[in-house]
Structures are given as structure tokens and as C-alpha cells.
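Trainee:
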Ligand code: PMP
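Numbering (my numbering), first residue to last: 10 to 462.
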């Protein structure tokens, strides 16, 4: 079978047997399904020899490129030793090493690591742990959570409840937990001439009010530090997080930092929380944790939280939550290798050069009549297509203009997967300045097509 026939065969078999995530499968009547044959660095290659620059790190997971030698060989070595062992009653050196290192690199009071196997499950762990902590110390009225509008925390019922993107949430509303949603400090909505920090401070009034009114029934506030990724890459100033930490302390409410998407350098610091100089009570990590190799997640918390569960068995205060693959050794080996790269290379400083290149390349959009906003936080850059620049009014969503950019990208060596009409770049850190230029060139031409539609 030729490569091209092989590709056609795979496409057909795929559509016969696979139900894809986050996809209206009927779209594939006109949208190509792309079976990938191999991947190296920032590049994916299909069976026809077409290459695609993975501008979105395969859903924000990949940090140091596909087929990274350091990570691949660490997994192979672990594979020859032990593939998996349960983490209840038993342990292994890889999970111990990883936990010690995660405690070392996260803010000081985070001292214990609880593992799960994907981001949504980590959010479930944090929400259950927070509720259970308050119950264990006798605060049984605390059963609610506060979130920000436009937030996203995953797809399982608890995590979906804590999010606020209607596209994913609305249909399941009858099944979900009741949450208290506070308007986001999203800088997109600030007044002309108003600084992002001033807007964040102004918007904090809503959070202060919600905490004042509801703190006795609230377990925790959950936020995505600095960037609401699935919420169309909207960004906000770190000042909001500083105020939030202080207020959570004052009102006796936990702070959950969902760093699943923004952790491991995406925002320009190792963790988004660092830019506000704060530490949460729970930090959720996944995605980049394994460099994009294997599903693994972790919730870091404080000894104060841990101690509230530590008691004689008969008192039934233990956190009896488990997932079969908790602390999987292969995932932990990938994570340790990922941290090794951070230790041996100056990733954060090198990324500043790449971020500056994105700024330089995206200058061309500033005066574009259909670009309402170009925003950047660290290694995340987003361009928002609008119908009207002055009012930032969007096109009707049914027109799906962002999809035109996606289709154009596929034909021109770029995997751009817009969020609605927001085109964004969140590439692996091994991208070169030349590749950044190429990506932005493709995005620009795609946008021209989309707005001319
Ligand atoms: N939280 C955030 C901030 C995320 O971006 C995501 C995934 N996009 C999740 C949670 C859920 O992670 P997972 O897809 O691994 O369940």
C-alpha cells in the first residue's frame, strides 16, 4: 500500500471507529481528518509527507518538542524497571523523587503531593479535599465554591461545574454543582487608557463582595492564574491574585490555583502564581508536567491541609480518593526528565527571546481593521478577530471564521486550532525564531481569508 493509500485507509477506518474529543463529528464530512505518522521537535508529519508546525503544543501539553531524547530515554529506562505499581500501601523511588522536586520548585507552604491522571481529575481532587478539610475541622456549612466568569477547569462533572465557558457547560447545567460566579478581571474588557492592573483592582470589588457575603458557606475560590486558556486565551494582571490571596486569608477560604495549562513556564515564570508572589492552598498541575508525554496530574497542598486528615482510622477523616493509575511510574519518569531539562537549561530566560519574537512578528496586527486585540503573557500569544475594531464586537459565532484559519493552516504547514475567532500560539519551547515568523505569516494569510469570507 502506498503512503497516500495508507492515509486514506486510516481516515476511513478512523471515522468508522473513533469518536473524537471536542468535535462535532459531522464536521469531518468537509474537514479533513489528519492521521499523523510521526513527530519530531515542533513538527508533525502525515502519511503524505506534509508537515505541520504544532503551534498549540498538542493541546498545551508539549514543552520540549515531540520525541525529545531526554524524556524518551527516561521513560524507556523506567519501562525496563517497572511499568506500574499501585500507590496505596506501596511506593516507588520515581514518585518519591518527583514529589520532592515538585515541593522544591513550588511556593514554600506546598508540602504534599497527591496524584491523579489528568487535569480534570486533579481539579476534582482539589475541590473534594478543600470541602473535606473544612468538614474535618468542623466547618460543615462550607459546601460551595467561587469561580470567575469565562473560566475553565475541565470536563468531569465537578470540574465542569467550576468552569464557566457556556459552550462546554450549558447543556449539562442540570447535572452540575451550584457555584458562585464572579466577573473575571479579563483585561480585554478594560476601558481605553485604563491599565490592566487598575482594571484588575477595580474588578476585585466583585470578588470582595462575594467573599464578604458568602464566606461562611464557601470552601474555596478557584482560578487559572493570569490566563484563562480555554476561555479564549483571555488574560489578566497578577495584582488580582495578590488581592485574592489576601482576601481568602481574611475570610477563611481556600485558594485553588489551577496551573494545569499555565504551569511550567507558559506565562513567563515557572508558575503563574509567582508573578503575584503568592502561594495557593492547592496547586493543580498536569499537561506540561510530563513534557506532553503521558497523562499525569498532581495536586500540591500544605501541611495544614494534610494534618486535618491525619488521625486514627476510626475517626474516618482520611481522604479515600483514588485512581487506578495514581503516581504511574512511567508518567513520573517523564515528569522527572522534564524537570531535569528545566534544571540543566535556562528555559525561562531562553523563552523570553521567543516571546519577544512573537511580539515583534505580531506587530503587523496592531492596526488591522479586524483584529480587536493582540495579547501576550509569556509564551502564550493570542490574536482576536473581530467584526468591528472600535467596539471589539465579534462576528456571529455561527460564521465560524476561526475555522477558516484552521483550514488554511492545515494546507500551509501549521497546526493552528483557534478558540472560536481567537488565533493563538502556545508552541513547544524548542520553536525557533524563523518558525515563529512562518507561523505568524500563515496566521496572517489565514486571517485575511477568514475576514474576507
Ligand atoms: N484546567 C485547565 C486550566 C485546563 O486548561 C484543562 C485542559 N484544557 C483542564 C483543567 C483539564 O485537563 P484535562 O483535559 O487533562 O482533563
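Glycine is no exception: its CB is placed at the ideal position from the N, C-alpha and C atoms.
1) Between residue 104 and residue 154, how many whole angstroms is the CB-CB distance? I'm expecting something under 8 Å.
2) With three or more C-beta pairs closer than 8 Å as the rule, is the segment 373 to 381 touching the segment 397 to 405?
3) Any heavy atom of the ligand PMP closer than 7 Å to the Cβ of residue 127?
4) Which stretch, first to last residue, makes up the alpha helix (DSSP H) that contains residue 82?
5) Span of the beta strand (DSSP E) holding residue 381?
6) May I ask you to check if the CB of residue 267 is nearer than 7 Å to at least one heavy atom of the ligand PMP?
7) Hey, out of 211, 60 and 197, whose CA is closest to residue 385's CA?
8) Per the contact definition of three or more C-beta pairs closer than 8 Å, is the segment 76 to 96 in contact with the segment 263 to 281?
9) Using the three-state DSSP reduction, which class does residue 111 fall into: helix, strand or coil?
10) Near residue 216, what residues of its chain come up, given a Cβ to Cβ distance below 6 Å and the 5 sequence neighbours on each side ignored?
11) Could you spell out the range, first to last residue, of the beta strand (DSSP E) harbouring residue 227?
12) Comparing C-alpha positions only, which one of 456, 335 and 258 sits nearest to residue 429?
13) In the structure shown, what three-state DSSP assignment does residue 200 receive?
14) How many angstroms separate the CA atom of residue 80 from the CA atom of residue 91?
15) Mind the definition here: the segment 223 to 241 touches the segment 130 to 149 only if three or more C-beta pairs lie below 8 Å; say whether that holds.
16) Where do the ends of the alpha helix (DSSP H) carrying residue 130 lie?
17) Determine, using beta-carbon pairs with one atom in the segment 440 to 447 and one in the segment 355 to 367, whether at least three such pairs fall under 8 Å.
18) Smallest Cα separation from residue 308: which of 330, 326 and 447?
19) Please tell me whether, using a cut-off of 7 Å, the distance from the CB of residue 459 to the nearest non-hydrogen atom of the ligand PMP is below it.
20) Taking the DSSP output, what are the residues bridged to residue 60?
21) By how many angstroms is the C-alpha of residue 176 removed from the C-alpha of residue 433?
22) Give the range of the beta strand (DSSP E) segment to which residue 157 is assigned.
23) Given 7 Å as the limit, tell me if residue 133 has its C-beta closer than that to any heavy atom belonging to the ligand PMP.
24) Between the C-alpha atoms of residue 449 and residue 371, what's the straight-line distance to the nearest angstrom?
25) Counting only the same chain and skipping the five closest in sequence on each side, list residues whose C-beta sits under 7 Å from that of residue 51.
Mentor: Looking at the atomic coordinates:
1) Going by Cβ atoms, the distance from residue 104 to residue 154 rounds to 29 Å, so no, they are not a contact pair.
2) yes
3) yes
4) 78 to 90
5) 380 to 386
6) yes
7) 197
8) no
9) helix
10) 191
11) 227 to 232
12) 456
13) coil
14) 16 Å
15) yes
16) 128 to 145
17) yes
18) 330
19) no
20) 54
21) 19 Å
22) 153 to 157
23) no
24) 7 Å
25) 62, 63, 74, 436, 437, 439, 440 and 444
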